[in-house]
Amino acid sequence: MKAAVVNEFGQIPYYGDIEAPKVGTGEVLVHTRAAALSQLVRAQAAGKHYSCGKILPVVPGADGVGVLENGQRVFFAFPKPPIGSMAEAVAVRSELCVPIPEFVDDITAAAIGNPGMSSIAALEFRAGFQPGESVLVNGAAGVSGRLAIQIAKELGASRVVATARKPEVEAELRALGADHFVLLHADTEILTAEFQLEMQSYGIDVVLDYLWGQPASCLLQAAANVVAEPQRPRIRFVNIGGLAGMSLSLSAGLLRSTGVELKGSGLGSVSNENLVNCIGKLLKMVEPAKLAVDAMPMPLKDVQSAWQTTTSRRIVLTV
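See below:
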């Protein structure tokens, strides 16, 4: 069958032939229709993500949209290695497939699955979010962050704060539901003071952090600065990404002296089954919450071109 094939980690996948997957006990065969080219998939194909395997050749692709043998359209994730979703067919455990509502087309489902799931999983399985709580989305300008604003509101957040480096995105983020915008200043003292003011004025219950690095450090320092405030909020800080840096300096005293609960959300910290269930919930939200992703469909045969395309749109390979 045809697939995007990687013979060596770091190599750009090429469109070629590979043996079709064999379906084992508890698995189903899914005929792929669409698969998104995400940062996760790029990292796995390069051998740089903690979840990537070591088997070569490998077909990249962590999730996708396809059709079961009975004709049911599903979103699937975590196909059996080494054949990922950028292939004509994949073998997947049956519990890692969820039906797609009729009002969601293939391209939208493929494009929105991974970025939308990130905030639902973090809110429900790591933060223990409850309706009426406030949420700060740190790094809200990207696809995942924008969806996180809408999803937090749909799940009942009383207040959503969005952060970004570019002031020109403020109006767009407010239109998506953000109640307040914080510009990510390069000056650490200014940014820490901005976060501290928000915590003192309104309180922050949950932080969805797509950045780590300096912005996360400022948030944590702000939490330490308001330690003397009576009835301070119990902040659940959930890291989801590292776009601003993969490390930061963290004082042990900060964790001991504040109400901050520091967690991560991703592959490994949330079970595969729960991640897929989050996508099922996400797909049901698409219409009522008006969720959308600016997708760029490209045929699978053009995978090499897709891999080298620079765009803010979400590339989706179609089979």
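Position 305 of the sequence shown, counting from 1, maps to 559 under my numbering, and the rest follow consecutively. Glycine included, C-beta positions come from ideal geometry on N, C-alpha and C. Just so you know, these numbers come straight off a predicted model, no measurement behind them.
Per DSSP, the continuous alpha helix (DSSP H) segment holding E426 begins and ends at 424-429. For I366, the enclosing alpha helix (DSSP H) covers residues 360-375. Between I272 and the set A341, N531, I366, the nearest pair of CA atoms involves A341. The alpha-carbon separation between V540 and V358 amounts to approximately 7 Å.
Counting only runs of at least 3 residues, the stretch 498-573 fully encloses the following beta strand (DSSP E) elements, listed from N- to C-terminal order: 515-518, 549-553, 568-572. Sorting G301, L502, L294 by C-alpha distance to the C-alpha of D317 places L294 at the top.
Rounded to whole angstroms, the Cβ separation of L516 and F491 is 5 Å, and the two are in contact under 8 Å. At a cut-off of 4 residues, the continuous stretches assigned as alpha helix (DSSP H) that sit fully inside the stretch 282-337 are 293-299. For D463, the pairing in a beta bridge is given by DSSP as N392, N493. Around the beta carbon of Q454, a 10 Å sphere encloses fewer than 16 other beta carbons of the protein chains shown; the residue is thus reported as exposed. Sequence-distant Cβ neighbours of G370 in its own chain, meaning closer than 7 Å and more than five residues away, are L401, I405, L536, L545. The straight-line gap separating the alpha-carbon atoms of R488 and Q450 is approximately 14 Å. Listed in chain order, the non-local C-beta contacts of Y269 below 6 Å within the same chain comprise K555, V557, local neighbours out to five positions each way being set aside.
Note on E527: under 16 other CB atoms within 10 angstroms of its CB, so exposed under the neighbour-count rule.
Of the candidates G280, G410, G396, I403, G396 places its Cα closest to the Cα of R419. Secondary structure at L437: strand, using DSSP grouped into helix, strand and coil. The alpha-carbon separation between K256 and P469 amounts to approximately 43 Å. When secondary structure is reduced to three states using DSSP, K407 falls in the helix class.
In the three-state scheme derived from DSSP, where H, G and I count as helix and E and B as strand, G270 is classed as strand. About 25 Å separates the beta carbons of M552 and L529, which is beyond the 8 Å limit, so they are not a contact pair. Secondary structure of A381 (DSSP, three-state): coil. The beta carbon of L497 sits closer than 7 Å to those of G393, Y464, L465, all from its chain and outside the five residues before and after it, given in chain order. The continuous alpha helix (DSSP H) containing A447 extends over residues 442-455. Linking R413 to F383 through their CA atoms gives a straight-line distance of about 13 Å. Taking 8 Å as the cut-off, the beta carbon of L473 is found no closer than this to the beta carbon of L504. Contact between D433 and V461 does not hold, since the beta-carbon distance rounds to 15 Å and is not under 8 Å. With a cutoff of 8 Å on beta-carbon distance, L409 and L377 are scored as near each other. Annotated as distal: F435 and E443, with beta-carbon spacing of 8 Å or more. In this structure, G301 places its C-beta atom within 8 Å of the C-beta atom of G264. Under a 10 Å Cβ-count criterion, I309 is classified as exposed, with fewer than 16 other Cβ atoms of the shown protein chains found around its own Cβ. With respect to S398, Y456 sits apart: the two C-beta atoms are not nearer than 8 Å.
Per the C-alpha coordinates, the member of A364, V321, A549 positioned closest to V346 is V321.
DSSP places K256 inside the beta strand (DSSP E), whose first and last residues are 256-259.
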